[in-house]
Each structure stands twice: as structure tokens, then as C-alpha cells.
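A short worksheet on the structure shown next.
There are 2 protein chains.
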Amino acid sequence: MTDTLDPGIAARLRRDADGLIAAVVRDHASGEVLMLAWMDDEALHRTLTTGRATYWSRSRRRYWVKGETSGHHQRVRAAALDCDGDAVLLSVEQHGPACHTGARSCFHHDLPVTPEPAR
Amino acid sequence: MTDTLDPGIAARLRRDADGLIAAVVRDHASGEVLMLAWMDDEALHRTLTTGRATYWSRSRRRYWVKGETSGHHQRVRAAALDCDGDAVLLSVEQHGPACHTGARSCFHHDLPVTPEPAR
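Protein chains in written order, with my numbering: chain A, 67 to 185; chain B, 67 to 185.
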């Protein structure tokens with residue numbers, strides 16, 4: 067393990083004003099989208115080199131190994147960067163629910179959508 | 067259609083320094099994660115009230131109806147906000163490839179992951 071993110075990967079990242087990219091997390095087996103979290107270079111480096119999903123908490127302003135308090139950790143099976151480098155997709159083995167509310171996925175507040183009229 | 071995002075939804079959003087939330091887009095039929103884009107309140111409002119996925123382009127600094135130039139538009143079938151309001155998950159009917167490169171999904175640059183040691 068090296069100390070910093072691979073320069074070839076770092077060069078591909080397009081970070082926001084806070085130096086972060088989005089991490090989309092899906093269940094490796096079912097494909098279900100479980101959550102979205104944030105990563106700086108160091109969080110991505112730790113995730114790729116340890117196989118444990120590690121994020122940057124925007125609210126707490128610190129690194130956060132998923133499951134460190136809840137036990138609901140994520141073993142990373144695969145990772146892929148998107149075409150413009152502002153998001154990474156992690157495929158994980160999710161132990162327990164992904165959401166701090168106890169829900170399996172964090173995306174559980176449905177919003178109303180007006181269907182596009184037929185054309 | 068009202069002119070602005072429903073205040074009840076707006077109150078749930080937790081925006082970044084640029085006023086944006088992340089939009090994770092998956093294929094309604096297959097569940098495949100296709101792309102990640104960005105939305106401000108207005109983009110979310112337009113998406114929910116027209117049924118056509120509409121984003122904020124961070125690089126071009128303007129609204130962008132997916133497919134307006136490529137024809138590869140997205141009909142939104144469902145939308146859900148996550149538990150902390152910084153991301154929305156869209157389930158879409160994707161016409162053509164989602165990625166501007168012609169790939170079905172934007173997440174096609176695999177990153178190496180060191181597996182977590184067995185414990």
C-alpha cells in the first residue's frame with residue numbers, strides 16, 4: 067500500500083469546490099442502489115487499498131469507515147469511475163442495512179413525478 | 067405546474083456549496099446505474115413536473131435536458147430522495163446510451179480494489 071492515491075487515478079478526478087467526488091454505492095449481488103456518500107482523494111485511496119468503504123463526512127468533517135460504529139460495514143468488491151471523473155460507483159457486500167434509519171437503502175423518500183406526456 | 071420547487075421538498079434538501087444535490091440515475095427496467103449528474107432546486111422542479119430528466123451542468127453552468135442534443139433522453143418513472151437530502155435517485159427509461167461516449171453507462175473506467183483480508 068502506498069501513502070497516497072495513485073497519480074493516474076488522481077489525474078482523472080474532477081472534484082467539487084470542497085475537493086470531493088460522489089460515491090454511489092450499490093449492492094454487489096442485487097444491484098440495488100443503497101446510498102450516496104462523498105470522497106476526497108484520501109478516502110478513495112483508503113477504500114481502494116483496504117477494500118473497506120471509507121468516506122468523507124461533510125457534516126462531521128472527518129473520515130468515516132462505513133460501519134465503524136453501526137457494524138454495518140461495506141466490503142468493496144468492485145469500483146468504477148465515471149466518464150468525467152466526478153463520481154465513483156462501488157459494488158459492495160453490505161452487512162446489515164445501509165441506512166442509519168435501519169432501512170436497507172437510504173433512498174426511501176419517494177417524490178411525486180408528473181409523467182411526460184405521450185408524443 | 068407551479069413555478070418553483072415544492073417548499074416541502076425544498077426544505078428536505080441539503081445542498082453543497084454550489085447549491086447542488088447529486089442525482090443518481092438508474093435504468094427503470096434493469097436497475098443498472100447509468101450516470102450521475104447534478105441538480106439545483108430548479109432542475110429538480112423541472113424534472114419532477116415534466117417527467118424529463120433535467121440537470122445542472124457544472125462545466126457549462128446551465129440547465130441541460132438530458133438528450134436535448136443527443137436524442138438520448140430519459141423519461142423519469144420514479145424519484146426518491148435519500149435520508150439526508152443530498153441525493154436523489156431517478157429511475158428512468160433511457161433512450162439510447164446514457165453516456166456521451168456511446169457506452170450504456172458512464173461508469174466504465176474500472177479501478178483496482180485490494181480485497182479486505184479475511185477476518
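C-beta atoms are modelled at their ideal positions from N, C-alpha and C, and glycine is treated no differently.
Would you check if the distance between the CB atom of residue i and the CB atom of residue j is smaller than 8 Å?
i: L86 (chain A); j: D93 (chain A); result: no
i: D106 (chain A); j: W130 (chain A); result: no
i: H175 (chain B); j: L147 (chain A); result: yes
i: A89 (chain B); j: L156 (chain B); result: yes
i: G97 (chain A); j: G97 (chain B); result: yes
i: V179 (chain B); j: A153 (chain A); result: no
Using a beta-carbon distance below 8 Å, is residue i in contact with chain B?
i: E182 (chain A); result: yes
i: G162 (chain A); result: no
i: T135 (chain A); result: no
i: A109 (chain A); result: no
i: H174 (chain A); result: yes
i: R170 (chain A); result: no
i: A131 (chain A); result: Per the sequence shown, residue 131 (chain A) should be read as Val rather than Ala. It does not: the Cβ of V131 (chain A) has no partner Cβ on chain B nearer than 8 Å.
i: H138 (chain A); result: no
i: H94 (chain A); result: no
i: A88 (chain A); result: yes
Identify the contact partners of residue i in chain A, using a Cβ-Cβ distance below 7 Å as the criterion.
i: P178 (chain B); result: L114
i: R128 (chain B); result: Simply none; closest approach about 16 Å.
Interface residues of chain A around residue i at Cβ under 9 Å?
i: A83 (chain B); result: D82, A83 and D84
i: A144 (chain B); result: D176, L177 and V179
Tell me the residue span of the beta strand (DSSP E) that contains residue i.
i: A109 (chain B); result: No beta strand (DSSP E) holds A109 (chain B); the alpha helix (DSSP H) holding it covers D107 to T116.
i: R128 (chain A); result: R128 to V131
i: T120 (chain B); result: T120 to S123
i: S157 (chain B); result: A153 to Q160
i: C148 (chain B); result: At residue 148 (chain B) the sequence reads Asp, which differs from the Cys that was named. D148 (chain B) -> beta strand (DSSP E) spans Q140 to D148.
i: A83 (chain B); result: Here A83 (chain B) belongs to no beta strand (DSSP E), and DSSP marks it neither H nor E.
i: A88 (chain A); result: I87 to D93
i: D69 (chain A); result: Note, D69 (chain A): premise wrong, no beta strand (DSSP E); not H, not E.
Looking at the C-beta of residue i, does it have a partner C-beta in chain A at a distance below 8 Å?
i: G117 (chain B); result: yes
i: G97 (chain B); result: yes
i: M101 (chain B); result: yes
i: L147 (chain B); result: yes
i: L155 (chain B); result: yes
i: T120 (chain B); result: no
Ends of the alpha helix (DSSP H) at residue i?
i: A76 (chain B); result: P73 to A76
Show which residues of chain B have a CB atom less than 7 Å away from the CB atom of residue i.
i: D69 (chain A); result: The contacting residues do not exist; D69 (chain A) stays about 14 Å from chain B at best.
i: V158 (chain A); result: Those do not exist, as V158 (chain A) stays about 10 Å from chain B at its closest Cβ, beyond 7 Å.
Stretch-stretch touch, CB-based, cutoff 8 Å, three pairs: the region 74 to 89 of chain A with the region 126 to 141 of chain B = no
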